[in-house]
Structures are given as structure tokens and as C-alpha cells.
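As C-alpha cells, the structure follows; a few thoughts come after it.
Protein chains: 2
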Amino acid sequence: MPHAPRPRGPKPIRMDPDRILDAAQEVFARDGLRAASLRAIAKQAGCDPALIYYHFDSKEAMFTALLARRFPPILQELEVVAEPGDPRSTALRLWEVVRIYHRHLKADPAIRSLIRGEIVRGAEGLSGLIEVRIRPIVMAIRSILDQGISRGDLRADLHTLLGTFFLARMHLEILDLLPTVLPRLMGLPHDQAVETGLHVWFDLYWRGIARDPLAPLPPLPELAADPIAIKETHP
Amino acid sequence: MPHAPRPRGPKPIRMDPDRILDAAQEVFARDGLRAASLRAIAKQAGCDPALIYYHFDSKEAMFTALLARRFPPILQELEVVAEPGDPRSTALRLWEVVRIYHRHLKADPAIRSLIRGEIVRGAEGLSGLIEVRIRPIVMAIRSILDQGISRGDLRADLHTLLGTFFLARMHLEILDLLPTVLPRLMGLPHDQAVETGLHVWFDLYWRGIARDPLAPLPPLPELAADPIAIKETHP
DNA sequence: CGCATGATTCAACATTCGTTGAATTGGATC
DNA sequence: GATCCAATTCAACGAATGTTGAATCATGCG
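Protein chains in written order, with my numbering: chain R, 49 to 283; chain X, 49 to 283.
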């Protein structure tokens, strides 16, 4: 845990805990939560492994700190789109969800790897915290689907919780698997794989949930527009 | 590797390599590929860790042996359904794919965990083998989609490779995440979560790919009918 | 300067891991 | 019964892991 706030002074702290988190994020992304070693994280951060224990209580605490700085911004943006007064069409709002999700998670395989792998294990340890972080996100997206039904844009018999699950989960799979699978299975380059994958997916998904599946989608804004401020640490 | 074939005799071999694989499958399923220890596998199998090295060359070799006995049966059943002469409707054939997939993978979280986690890492080590195993499966399902377009059952602009990806991947997610997520997010019991999840998913997916999304689905056979012979080792 | 205190490093701990070589068991064959 | 050999166990190796307590460094304040 960071100590007392420093009153003044040029730069007495050489290693900001955030720099350690950056390193941790990268190593977690590369090796996965379990296989990532504190020594590798320390090496990435350019400090001693023991220093990590000065700033964080444990490896797990460091990870929850990672969650704590990643999820709230996502939730905040989602809640804006989920505002019941939002005048945009349901299709556009859902596409906006995809864009938010995309911007925040594209450059952070560590969080994705966690969501993918660690929730499955069940109720031990981190999972409770994850639920606390993820539930509001799920509920925000779900409320858009609920509003879509009320507005008559979506089919009335849509299972909105599962609909949310499908949308969010498949997005993660597209981010994780398509860049490595599609180039091998067909000739597509990495970036284009994700781009087309998401568009094809959204089109299929929309037909699945829309009350009028054959009505053409409105023009969708670019995915890559105004990228979020995720530190891309590739030295 | 198993030694020379034994000419006769009652039961000179006490520990069948398959029994070790059964144990490995269970421990891999519980702890994941990396975290599963040979000592835990040996304990589960009721033998010494060193015995594993008598029957298998390494931990990795044991895992590829696991793949080798799990994937071919799946592929074999899928290729029957993918036969171009199959008279059933495309919807029914795809539902049959779901049932096959479901029967073989429901009780084997280890393989799912592998597919989920290990492919992402890229081209190192096991991934090549996985691709060899998985590619024919993907292609079998894809050919059903291609035939569906030719027959006029599916929309002509369907991206069949991505369509296959969506179908198969979301199925895995449903098997892995719904049993732990849905009971927490709503009140659903475990088994029912997967059951309804798969039905809702297939309905949504079909509307997404069908040429006539609003035409009602034919009655779908039960998922749980004639379960496959997967040893459920829960002592 | 001297000293207190936060920041960082060093060295080591107990544990667990995958793996291996030697030793032991036990049934089949002579 | 002696022998052979596959099957199994025992004990240990070296490496890697999360973690910790003591020691060291560097800076701000008196």
C-alpha cells in the first residue's frame, strides 16, 4: 500500500506503483495470471521483486489493484450509453457498447485472460471481486436490451441476460482468438481479422435479437475512432 | 510408452495407461493445464508420480495423448452430419452439431480449458498439434454452412468460417461460464442454466444466419438424449 | 552536517514443480 | 525353485515460486 502523501519535493519516489502495475499488466497478459512470476514482473518494471511487496500486499492484491483501475472507466462509459433518455436507436447504442468494450479491452489481454479463465474456477478467491466488478457492467448492457424491447426495436421474447452474455463474451473471444486463428485458417492479417470479425458478429447478433431482422443496420461509426488512453507498453 | 504386447495372463498390469489419462483429465479439468501437477495426477490415479514417466514421455506427451483420444470421435460424428447427401434441413443438421459437441465436451472441462486458453498463446509447443486436431472439426462444420447456402437455407452473404467460429466458440463459453455465472446472476440451477443457454443461443444464432430469420425452427431433439460414453470419474 | 524515514535491494526461507536413476516388486516362464 | 523382465516405487536432484526480514540507499528536515 502506498504510504503517506508526500508534501513537496522533486522526485523522491523512483518507482511509482502504477509503473509496477503497468509491468504486471504486461506480464499477466503474456503469461497468464498463474504463470506470471513476481520476478518476471519485477524485471519488466526494472526493480527488485521485494519492492513489489512494499507497494502491494501480495500477488493477488496487485491483481485486484489492476482490476480496480481498469473496470470503473468502462462502467462509467457504459452507464452513459445505458441512460434511458438516450435518443439513439437501439442498434446504434449496442454498437456503441461494442466500441467502448473494444477500446478498453483491445490492448489489455491480461484482463481478458482473467475474465476468460479465472471466473470458471468458481467461487474461490478472486472470483467474488470479479463479480462485484463485472455485475454492474452486465446490468448496464442488459438495461439497453430491456429498453430496446420496450421501444419495440428488439423481439419481445429476447432473454436479455443471455443476450448480454452472448454479446460481451463473443467480443472477448473475437479479440483473443481471431488474431491468432484467422490468419492461420485463412490468409487474413491480424488487424483485419478482428475488424471484420466484429462487424460480421454484430450483424449476425443484431439479426438474432432485432424485432425486424431484415431491416438494414444504420451506418456504424468506425471502431477505431478516438482510441482510449491505454498505455501501450511495448518497449 | 506401453511396452511389448503381453501374450496371455490374467492381470499382470495393475495400472492401465488409460487410468492415468482418466486421472490426468480430471486434474487438468480442475486445475488447468499449467497448474495441474504430476503429483496430483499420480495421487488421483493412485500411483507414484514416477510411474507416469514409465508410460508417458512427459507431461506434455500425456496431454497430447489426451487430445488423441478425445478429438477423433468428435470429428468422426461431425463428418457423418456434414455428409453432403444428408437429407435433413440445415437447421436440424446444425442442431445435431450442437448435440455432438455438447455430448463430447460437456464432461471434459480439461479439453475446453485447453482450447480456451492455450490457443491464445500463439504458435508455441502444443498449439500446432491443436490446430491439426481442430482444423478438420472446423472445416466439417463449415461445410454444413456452405451447403446451407447452396440449398438456399442460409443467407448468401454469410461468412461461413466466422459463422463456424461463432457457433463453436459460444458453445464452449456456455458450457464453461453459464453454470457458474447464471446461478449467481439470476436464480437458475446449474443444469438448467446450460440447457436454456444453449437453446436461447441456438435460436439467436439461427436467426442470424438463416435466409428467412422469422420462419419458425423445426422441433429440436433433446440435448441430453443418448449421452456419450465419457467416464464420469467422481469417486 | 546528522538523522529520521521512506524507498529499494539482498539474501535467504520453505515449498512445489518436472524429471530421473536406482532399487524393488511380482507374475510368467523355464 | 530360479530366473527374467515388465511394472512400480523410492529418494533425490535442480530449478522456480511466493514471501520475508534485515540491510542499504537516498532524500527531506533540523
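We put the CB at the ideal spot given by N, CA and C, even for glycine. All of these numbers come straight from a predicted model, not from anything done at the bench.
Open item on the list: Assuming L206 (chain R) is part of the alpha helix (DSSP H), what are its boundary residues?
Closed with: Counting along the chain, L206 (chain R) falls outside any alpha helix (DSSP H), and DSSP gives it neither H nor E.
- [ ] Decide if D194 (chain R) is buried, meaning its Cβ has at least 16 other Cβ atoms within 10 Å, or exposed.
- [x] buried
Task: Interface flag, A83 (chain X) vs chain R, CB-CB below 7 Å - done: yes
Open item on the list: Please report whether the beta-carbon of G256 (chain X) lies at a distance below 7 Å from any beta-carbon of chain R.
Closed with: yes
Task: Sub-7 Å separation of L126 (chain X) and A188 (chain X) beta-carbons - done: yes
Task: Closest residue to V129 (chain X) among X:A241, X:R190, X:D239 (Cα-Cα distance) - done: X:R190
Open item on the list: If contact is defined by three or more beta carbon pairs under 8 Å, each pair taking one atom from either stretch, is the region 72 to 90 of chain X in contact with the region 104 to 120 of chain X?
Closed with: yes
Task: CA-to-CA distance, K107 (chain R) to R67 (chain R), given in whole angstroms - done: 15 Å
Task: With 16 other Cβ atoms within 10 Å as the buried cut-off, status of Q92 (chain X) - done: buried
TODO: Could you work out which residue in X:D201, X:R141, X:P65, X:H150 is closest to G256 (chain X) when comparing CA atoms only?
DONE: X:D201
Open item on the list: Taking the beta carbon of L262 (chain R) as the centre, do at least 16 other beta carbons fall within 10 Å, making it buried, or is it exposed?
Closed with: exposed
- [ ] Quick one: using the 10 Å Cβ neighbour count with 16 as the cut-off for buried, is S198 (chain X) buried or exposed?
- [x] exposed
Open item on the list: Counting only Cβ-Cβ distances shorter than 8 Å, please list the residues of the region 217 to 233 of chain X near chain R, keeping chain order.
Closed with: R217, M218, E221, D224, L225, L226, T228, V229, L230, R232, L233
Open item on the list: Threshold first: 4 residues or longer. Then list the alpha helix (DSSP H) segments lying entirely within the region 57 to 102 of chain X, N to C.
Closed with: 65 to 79, 86 to 93
- [ ] Can you tell me which of the three DSSP states A216 (chain R) falls into?
- [x] helix
Open item on the list: Please confirm whether L268 (chain R) has its beta-carbon closer than 7 Å to some beta-carbon of chain X.
Closed with: no
Open item on the list: Give me, in chain order, the residues of the same chain whose beta-carbon lies closer than 6 Å to that of L99 (chain R); leave out the 5 immediate sequence neighbours on both sides.
Closed with: none
Task: C-beta atoms of H150 (chain R) and L271 (chain R) nearer than 7 Å - done: yes
Task: Extent of the continuous alpha helix (DSSP H) run through E127 (chain R) - done: 107 to 129
Open item on the list: Any C-beta of chain R within less than 9 Å: which residues of the region 102 to 115 of chain X qualify?
Closed with: none
TODO: Taking E179 (chain X) as the query, report the chain R residues whose CB atoms sit under 8 Å from its CB, ordered along the chain.
DONE: R232
Task: Contacts that P261 (chain R) makes with chain X (C-beta to C-beta distance below 9 Å) - done: R255, G256, A258, P261, L262
Task: Whole-angstrom distance between R136 (chain R) and D224 (chain X), CA atom to CA atom - done: 34 Å
Task: Residue-level contact to chain X via CB, G245 (chain R), 7 Å cutoff - done: yes
Open item on the list: When you compare the CB positions of P97 (chain X) and R87 (chain X), do they come within less than 7 Å of one another, or not?
Closed with: yes
TODO: Check the Cβ of H207 (chain X) against every Cβ in chain R and list those closer than 8 Å, keeping chain order.
DONE: T244, V248
- [ ] Report the three-state DSSP secondary structure of A155 (chain X) (helix, strand or coil).
- [x] coil
- [ ] Spell out whether any CB of chain X is found under 7 Å from the CB atom of L126 (chain R).
- [x] no
TODO: Could you give the DSSP three-state label for A241 (chain X): helix, strand or coil?
DONE: helix
TODO: Compare the Cα-Cα distances from T208 (chain X) to each of R:L252, R:F214, R:H207, R:R78 and report the closest residue.
DONE: R:L252
TODO: Please report how far the alpha carbon of P184 (chain R) lies from the alpha carbon of P65 (chain X), in whole angstroms.
DONE: 47 Å
TODO: Grab me the residues of L123 (chain R)'s own chain with a C-beta within less than 6 Å of its C-beta, minus the 5 sequence neighbours each way, in chain order.
DONE: P184, I185
Open item on the list: Can you tell me which residues form a DSSP beta bridge with A258 (chain X)?
Closed with: X:L202
Open item on the list: Here's a check: name, in chain order, each residue in its chain whose Cβ is nearer than 7 Å to the Cβ of F104 (chain R), leaving out the five neighbours to either side.
Closed with: M110, A113
Open item on the list: Please tell me whether L271 (chain X) has its Cβ less than 7 Å away from any Cβ of chain R.
Closed with: no
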